[in-house]
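Numbering (this note's numbering), first residue to last: 22 to 319.
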Amino acid sequence: MRFQKRISHINHFTRFKEVSNILIKHGFGFIFDRVDMRKLLGRDITASVRTEPASAPVRLRYAIQELGPTYIKLGQLISTRPDLVAPQYLKELEKLQNDVPPFSFQEVLLIFKSEGIEPERDFAYISPEPIAAASIAQVHEAALKSGDKVVVKVQRPGIEKMVHTDLEILGELAKLIEKRTYWGRFYKVTEIVNELAEAIINELDFEKEARNADIFYKNYQGDKNVIIPRVYWNFTHKKVLTLEYVEGVKISDISGLKTADYNLQKICTNLVDALFKQIYEHGFFHADPHPGNLAIGP
């Protein structure tokens, strides 16, 4: 019962049971069989399996979305690793970069209040509907009293506590999987979880993100091929980030780029040049350039 005691010791066994039940419900109970965990958990896993016909990749996406932000971030990380998973899984996991349910505007207002932001005082307008929702936060269009058009990134409520809980659980699971399976050792799953933990904890601090964005903004001043949104520091806090609004087409929207008559070869050249410049000239680079973080401007 060593694993169960370890989870209980960190006071996350209830969440672990929830995670287990969700995975089993979506048809992934075999994972617990392969690491010999069913007998450790006994009656604590009581989920029923989904009955609607869906492929394993689709069911995996359903499970990850139900598990919440930490697992969505893990899925996003894996979606950029064709060396780890088959193409049909990559296709579904890529949808996690966009298909994340939003939280309510009332919750947005509560986050504003906790961060010292007063919408009536600070904004001329803010859209109650988000223009994008991701695993860590969602984004709303807004306008400042000055007339500047901005986007406001708001952290999901309660995510910090949930993330730390999930990371501890994932860490223990990764150790167990490496110990009991060949593929766990081959793919070094503890290193994947450690990489996830470092990335997601950094992402929870929007002031740190703003400082990094400021560095990029200054590094690319005068570069006609790269647009970095400006940070509005008076309206930026640990859980709220306000940036200049910049229009663009998602880099993954190939048909949209072709319809708008963009030069795809030039886009590729500019992107590679920008990445190399970050690494070899600036010494400061974007470590998560997945398609959800890139857009093509006019």
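For each residue, glycine too, the CB sits at the ideal point set by N, CA and C. From a predicted model like this one, the values you see are computed outputs, not experimental measurements.
Within the same chain, 270 come within 8 Å of residue 281 by CB-CB distance, once the 5 residues on both sides are set aside. A distance of 8 Å or more separates the beta carbons of residue 171 and residue 159. Two segments are said to touch when three or more pairs of C-beta atoms, one from each, lie closer than 8 Å; by this definition the stretch 284-300 does not touch the stretch 176-195. With contacts defined as CB atoms closer than 8 Å, residue 40 and residue 198 fail to qualify as a contacting pair. By the criterion of a C-beta distance shorter than 8 Å, residue 235 is surrounded in its chain by 252, once the five residues flanking it on both sides are discounted.
Residue burial is scored here from C-beta neighbours: residue 318 has fewer than 16 other C-beta atoms within 10 angstroms and is therefore classed as exposed. The beta carbon of residue 262 sits closer than 7 Å to the beta carbons of 174, 227, 230, 231 from its chain, once the five residues preceding and following it are set aside; these are given in chain order. As the crow flies, the alpha-carbon of residue 244 is around 19 Å from that of residue 283.
Listed in chain order, the alpha helix (DSSP H) runs fully inside the stretch 141-208 are 180-201, 203-207, counting runs of at least 4 residues.
If you check the CB distance, residue 35 and residue 311 do not come in under 8 Å.
Its chain contains 90, 94, 176, 177, 180, 221, 224, 225 as the residues whose beta carbon lies nearer than 8 Å to that of residue 157, once the 5 sequence neighbours on both sides are disregarded; these appear in chain order. Under the 8 Å Cβ criterion, the stretch 43-50 counts as touching the stretch 73-82, having at least three qualifying pairs. With contacts defined by Cβ atoms closer than 8 Å, residue 260 and residue 136 form a contacting pair. Counting of Cβ neighbours within 10 angstroms places residue 303 among the exposed residues, the total staying below 16. Counting along the chain, the unbroken beta strand (DSSP E) around residue 261 starts and ends at 261-265. As the crow flies, the alpha-carbon of residue 163 is around 10 Å from that of residue 265. With contacts defined by Cβ atoms closer than 8 Å, residue 237 and residue 248 do not form a contacting pair. Annotated as proximal: residue 130 and residue 140, with beta-carbon spacing under 8 Å. Here residue 258 has 136 as same chain residues with Cβ atoms under 6 Å from its own Cβ, once five neighbours each way along the sequence are excluded. Rounded to the nearest whole angstrom, the C-alpha separation of residue 200 and residue 138 is 48 Å. Here DSSP, grouped into helix, strand and coil, assigns residue 38 to helix.
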